[in-house]
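Q: One structure follows; several queries about it will come next.
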Amino acid sequence: MTKEAVTVHPVNQLIRKRWSARSFSEKQISQKDLNTLFEAAGWAASAGNEQPWEYIYAKKDTPGFDLLVSCLLPGNQPWAKHASILVVSIARQYFAGNGKSNMAAFHDTGMANAHLFLQATEMGLIAHAMGGFDRDQLTNALQIKVNEAIACVIALGYLGDPEQLEEPFKSRELAPRVRKPITEFIKQI
Ligand SMILES: Cc1cc2nc3c(=O)[nH]c(=O)nc-3n(C[C@H](O)[C@H](O)[C@H](O)COP(=O)(O)O)c2cc1C
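Using the numbering used here, read the sequence shown as starting at -5 and increasing by one per residue.
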């Protein structure tokens, strides 16, 4: 199953193919492939080449994975627990060199995540971001430092059978992907 974007204007194939699936197969991601995903993330552009992103991950069937699942909200737990790997994306919000506030930290961490997602798409993997987690619980569990903040949790895995999903996730899996037309968010001055 694919849910390629039906675009008005032509775009890169990886952008068309990337989507946030919730059904994961039993196949696990190798350490080699995981390293490639993080390498792709690390080559994102960032303000002053600060590279403010950090990642903490856990593989399925480990205590770390169960800990991360326990911090997800009920709307994510039922499907995300079947992912191969859960990744916590963290933004360091100050410049390491001078301690000053880095206003681009979340932006640049999102850039790194986008790289990771497109690399995953090219490798036939699903990467699904989640903002639905208990922020206090996860921050405490991972002992996230002051001036660092969790951007999202990412579920990684190979695509599975949508029939295995319970509702309402199954219907969402099969629904078409939609976007605003560019005229709604573009203004020429
Ligand atoms: C920062 C962020 C947080 C998100 N949080 C959730 C979430 O908690 N649960 C979920 O099922 N999807 C979540 N999503 C996925 C979005 O719902 C999805 O990207 C959007 O509906 C567009 O669909 P597409 O990625 O398939 O194009 C999140 C995406 C992002 C980027």
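Beta carbons: idealized from backbone N, C-alpha and C, even for Gly.
Per DSSP, residue 50 forms a beta bridge with which residues?
A: On the sequence shown, residue 50 is found 56 positions in, with the first residue counted as 1. According to DSSP, which records beta bridges pairwise, residue 50 is partnered with 82.
Q: When DSSP labels each residue in this structure, what does residue 160 get in the three-state scheme?
A: As a working note, residue 160 is residue 166 in the sequence shown. In this structure, residue 160 counts as coil in the three-state DSSP scheme.
Q: Return the first residue and the last residue of the beta strand (DSSP E) that residue 119 is part of.
A: Numbered from 1 along the sequence shown, position 125 holds the residue referred to as residue 119. Residue 119 -> no beta strand (DSSP E), and no H or E assigned at all.
Q: Which two residues bound the contiguous beta strand (DSSP E) that contains residue 143?
A: If you number the sequence shown from 1, residue 143 lands on position 149. Element bounds for residue 143: 142 to 151.
Q: Does the Cβ of residue 97 lie closer than 7 Å to at least one heavy atom of ligand 1?
A: On the sequence shown, residue 97 is found 103 positions in, with the first residue counted as 1. Result no, Cβ not under 7 Å from ligand 1.
Q: Taking all protein chains shown into account, decide if residue 109 is buried (16 or more other Cβ within 10 angstroms of its Cβ) or exposed.
A: What you label residue 109 is simply residue 115 of the sequence shown in a count that begins at 1. Flag for residue 109 reads buried.
Q: Does the Cβ of residue 14 lie closer than 7 Å to at least one heavy atom of ligand 1?
A: Position 20 of the sequence shown, counted from the first residue, corresponds to residue 14. Yes, ligand 1 has a heavy atom inside 7 Å of this Cβ.
Q: Please identify the residue among 89, 174 and 145 whose C-alpha is closest to the C-alpha of residue 43.
A: What you label residue 43 is simply residue 49 of the sequence shown in a count that begins at 1. Nearest of 89, 174 and 145 to residue 43, Cα basis: 89.
Q: Please tell me whether residue 136 and residue 50 are closer than 8 Å, where the distance is taken between their beta carbons.
A: Here residue 136 is taken as the residue at index 142 of the sequence shown, counted from 1. Here residue 50 is taken as the residue at index 56 of the sequence shown, counted from 1. Contact flag set, yes.
Q: Counting along the chain, where does the alpha helix (DSSP H) carrying residue 131 start and finish?
A: The count along the sequence shown starts at 1 and reaches residue 131 at position 137. From DSSP, the alpha helix (DSSP H) with residue 131 extends over 129 to 135.
Q: Can you check whether the CB of residue 15 is closer than 8 Å to the CB of residue 157?
A: Here the question's residue 157 lines up with position 163 in the sequence shown. Here the question's residue 15 lines up with position 21 in the sequence shown. It is not a contact, given that the beta carbons lie outside the stated cut-off.
Q: Identify which residue in 134, 123, 39 and 161 has its Cα closest to the Cα of residue 149.
A: Here residue 149 corresponds to residue number 155 of the sequence shown, with the count starting at 1. Residue 123 is the option with its Cα nearest to residue 149.
Q: Just to confirm, are residue 151 and residue 69 a CB contact at a threshold of 8 Å?
A: Along the sequence shown, one-based indexing puts residue 151 at 157. Along the sequence shown, one-based indexing puts residue 69 at 75. No.
Q: Could you tell me which uninterrupted alpha helix (DSSP H) segments, each at least 4 residues in length, are contained entirely in the stretch 59 to 103, listed from first to last along the chain?
A: Complete alpha helix (DSSP H) runs here, min 4: 71 to 74.
Q: Using 8 Å as the threshold, is the C-beta distance between residue -2 and residue 11 below it?
A: Against the sequence shown, residue -2 aligns to sequence position 4. Against the sequence shown, residue 11 aligns to sequence position 17. Cβ atoms of residue -2 and residue 11: closer than 8 Å.
Q: Any chance the CB of residue 35 is under 7 Å from a heavy atom of ligand 1?
A: Translated into positions along the sequence shown, residue 35 becomes position 41. Residue 35: no, Cβ never under 7 Å from ligand 1.
Q: Just to confirm the assignment, what range does the alpha helix (DSSP H) spanning residue 34 have?
A: For the purposes of this step, residue 34 is taken as residue 40 along the sequence shown, with counting starting at 1. That run of the alpha helix (DSSP H) goes 25 to 36.
Q: Using the DSSP secondary-structure output, state which residues sit across from residue 18 in a beta bridge.
A: Within the sequence shown, numbered from 1, the residue matching residue 18 stands at position 24. Beta-bridge pairing links residue 18 to 153.
Q: In three-state terms, what does DSSP make of residue 6?
A: Taking the sequence shown and counting its residues from 1, one reaches residue 6 at position 12. Residue 6: coil per DSSP, three-state reduction.
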